[in-house]
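Q: To convert, note that position 5 of the sequence shown is -1 in the numbering used here; the numbers rise steadily by one, no gaps.
Cβ coordinates follow ideal geometry from the N, Cα and C atoms, glycine included.
Sending over a structure as structure tokens; questions will come in a sec.
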Amino acid sequence: MKQKRIVHVSGGFGILLAVLLFFDDQNIVPWALLACLIHEAGHTAAICLLGGRVGAFRLSIIGAEIVPARARLFSYPEELLITAAGPLVSIGAATLFAYAASPFHSEGAFLFAGLTLVAGVFYLFPARPPDGGRLLTPLLL
């Protein structure tokens, strides 16, 4: 039996990542990718807590997308919770990282906290496909 790919990476994502890494002389891109991973982990956790399963991850030039397995359809309130989980986890993690880094005055930890905060706030931009647009769509229907 042929196994399905769980992670789909577009060529555009590969090119964008290569360009960002080429110009990243301060090694910020890996930390930004980790901040985005934390954001997506929030969505994944919400899907799993609501009894769903993740079918696939898609990485494209416009960002990451989690595709739930269609074994269970989510209601509008559940969709809102899943969508809001990413930014909430990002903002919460940024707060925790900044608080934990405070006694040590670690520039690297503050940078990571800032990147995680930016990821959470950026995804709240009210357009589709980011989370802000996905949050507004069911509210406007």
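(1) Can you find the residues in the same chain that come closer than 8 Å, C-beta to C-beta, to P124, ignoring five residues on each side of it along the sequence?
(2) Straight-line CA distance for M(-5) to P81?
(3) Under 6 Å Cβ to Cβ from I0, same chain only, skipping five residues before and after it: list those, please.
(4) Please look up how many angstroms separate the CB atoms of T110 and A94, rounded, as I've assumed it's under 8 Å.
(5) On the DSSP letters alone, give me the boundaries of the alpha helix (DSSP H) that S54 sits inside.
(6) Taking Cβ positions only, does E101 come closer than 7 Å to chain B?
(7) For P24, count the other beta carbons within 10 Å of its own beta carbon; 16 or more makes it buried, fewer makes it exposed. Which is it?
(8) If we count the other Cβ atoms within 10 Å of its Cβ and call it buried at 16 or more, is T120 buried or exposed?
(9) Give the secondary structure of P123 by DSSP, where H, G and I count as helix, E and B as strand, and everything else as coil.
(10) Express the C-alpha separation of R66 and H99 in angstroms, rounding to a whole number.
(11) For a quick check, are the C-beta atoms of I55 and F7 less than 7 Å apart?
A: The relevant details are as follows:
(1) G57, F116, Y117 and L118
(2) Because the pLDDT of M(-5) is 49, which lies under 50, any placement of that residue in the model is unreliable, and the question is left without a value.
(3) A50
(4) Between A94 and T110 the Cβ distance is about 12 Å, and since that is not below 8 Å, they are no contact.
(5) Looking at the DSSP string, S54 is not in any alpha helix (DSSP H); the run it does join, the beta strand (DSSP E), is V48 to S54.
(6) Protein chain content of the structure displayed is limited to a single chain, and chain B is not contained in it.
(7) exposed
(8) Correcting the residue identity first, residue 120 is Pro in this sequence and not Thr. Answer is exposed; the Cβ neighbour count stays below 16.
(9) coil
(10) 46 Å
(11) yes
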